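Right, one structure below, let's go through it.
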Ligand code: NAD
């Protein structure tokens, strides 16, 4: 089947092309993001393949359907960027890659904890400049610290297992309990997790209920000097409230792999441009903030699996077979 691939980078070609050849699909790669303007590129393609910042809102869905596209293969797990009702109304089916490597994201989240704690990013620069002083690089032992995991699905559970290995105490918050996690720590109400954790790491999806769950009020409940890690979705966090928390030193460390307004920034080389997002630029001024640009998923293992499952989803659609990976309103 011919498939229009949006938001293409070199690494997408590298992993999708061999998987497509194996599955017998013909991919046409487009660099632009999927927007109302770029839907014209999908003309005549029965299926498209899109990524996290390709917003499938009502207008985009209508335009795709008008160009006779019938299937959207998301090459990601989250689907908060898709208006599923609008898709259903115009007859667009949508499938995702629900699990590719929870280890990739969990290991990145723990990497952020260690980097922020032991200040690897600062030490790297210092040593390269011949500055071997360690003043200002003081960290803490992970052993004995309380880590609060919000969302104990696939990624949250792997994160919990890794930090349990450091000897951390674990608190969990979720709308459903995971037996593996129960063996590692305790499920508590979110308010208690916020109040008792030294490190809080977010692993729940972005939904109406979780939007801005890290609000001004939530931050007020936290321990002074808390470490907050978000590798899930940017809008779980109210960024201006977090900036206030950093200024008052309530938040002692912040690690972000996702940002609410990331669509205009992440995945692009903007090093020669003036960044217009003042909120993002304010975040970058804090010495205790570490930001990566949505790269937690970015391992070879994960990209191979994303490519394999995306092709399987396309094949299922082509053969009109049901797939467990389909997402509906
Ligand atoms: P999952 O579906 O296995 O787990 C999500 C968990 O969140 C579930 O246990 C669910 O019950 C829980 N949850 C739902 N609503 C909640 C709420 N209100 N409060 C607390 N918990 C709630 O998903 P996963 O594979 O572990 O992925 C988690 C998230 O990670 C995804 O939704 C996605 O946004 C994000 N993600 C980020 C990257 C990245 O590169 N940064 C990559 C993949 C996934």
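Residue numbers (this note's numbering): 1435 to 1763. All C-beta atoms in this analysis are idealised placements derived from N, C-alpha and C, irrespective of residue type, glycine included. Quick caveat, the model's predicted, so the values are computed rather than measured.
For residue i and residue j, what's the separation of their Cα atoms in angstroms?
| i | j | result |
| --- | --- | --- |
| residue 1727 | residue 1509 | 17 Å |
| residue 1723 | residue 1499 | 42 Å |
| residue 1673 | residue 1496 | 32 Å |
| residue 1634 | residue 1646 | 15 Å |
| residue 1593 | residue 1491 | 32 Å |
| residue 1712 | residue 1699 | 12 Å |
| residue 1551 | residue 1622 | 25 Å |
| residue 1751 | residue 1443 | 25 Å |
| residue 1471 | residue 1694 | 22 Å |
| residue 1753 | residue 1438 | 18 Å |
| residue 1553 | residue 1452 | 39 Å |
| residue 1571 | residue 1648 | 28 Å |
| residue 1755 | residue 1747 | 9 Å |
| residue 1447 | residue 1493 | 28 Å |
| residue 1595 | residue 1583 | 11 Å |
So residue i packs on residue j, CB below 8 Å; how close in whole Å?
| i | j | result |
| --- | --- | --- |
| residue 1529 | residue 1757 | 6 Å |
| residue 1744 | residue 1506 | The Cβ separation is near 11 Å, so there is no contact. |
| residue 1591 | residue 1614 | 5 Å |
| residue 1488 | residue 1468 | 4 Å |
| residue 1464 | residue 1440 | 6 Å |
| residue 1717 | residue 1725 | 7 Å |
| residue 1462 | residue 1436 | 7 Å |
| residue 1691 | residue 1734 | The Cβ separation is near 18 Å, so there is no contact. |
| residue 1511 | residue 1533 | 7 Å |
For residue i, count neighbouring C-beta atoms within 10 Å of its own C-beta (all shown protein chains included) and say buried if the count is 16 or more, exposed if not.
| i | result |
| --- | --- |
| residue 1609 | exposed |
| residue 1620 | exposed |
| residue 1542 | buried |
| residue 1536 | buried |
| residue 1702 | exposed |
| residue 1569 | exposed |
| residue 1515 | buried |
| residue 1588 | buried |
| residue 1715 | exposed |
| residue 1659 | exposed |
| residue 1637 | buried |
| residue 1651 | exposed |
| residue 1513 | buried |
May I ask you to check if the CB of residue i is nearer than 7 Å to at least one heavy atom of the ligand NAD?
| i | result |
| --- | --- |
| residue 1473 | no |
| residue 1666 | yes |
| residue 1638 | yes |
| residue 1580 | no |
| residue 1589 | yes |
| residue 1585 | yes |
| residue 1643 | yes |
| residue 1536 | yes |
| residue 1449 | no |
| residue 1691 | yes |
| residue 1539 | yes |
| residue 1608 | yes |
| residue 1410 | The chain is shown from 1435 up to 1763; residue 1410 falls before or after that span and cannot be answered. |
| residue 1646 | no |
| residue 1619 | no |
| residue 1512 | yes |
| residue 1731 | yes |
Per DSSP, which one or two residues make a beta bridge with residue i?
| i | result |
| --- | --- |
| residue 1460 | 1436 |
| residue 1603 | 1580 |
| residue 1487 | Its beta-bridge partners do not exist; DSSP assigns none. |
| residue 1620 | 1605 |
| residue 1689 | 1663, 1724 |
| residue 1528 | 1506 |
| residue 1648 | 1671 |
| residue 1481 | 1437, 1505 |
| residue 1760 | 1529 |
| residue 1633 | 1581, 1661 |
| residue 1708 | In DSSP, residue 1708 forms no bridge with anything. |
| residue 1743 | According to DSSP, residue 1743 bridges with nothing at all. |
Output yes if chain C places a C-beta closer than 8 Å to the C-beta of residue i; else output no.
| i | result |
| --- | --- |
| residue 1456 | Absent from the structure is chain C; it holds one protein chain and no more. |
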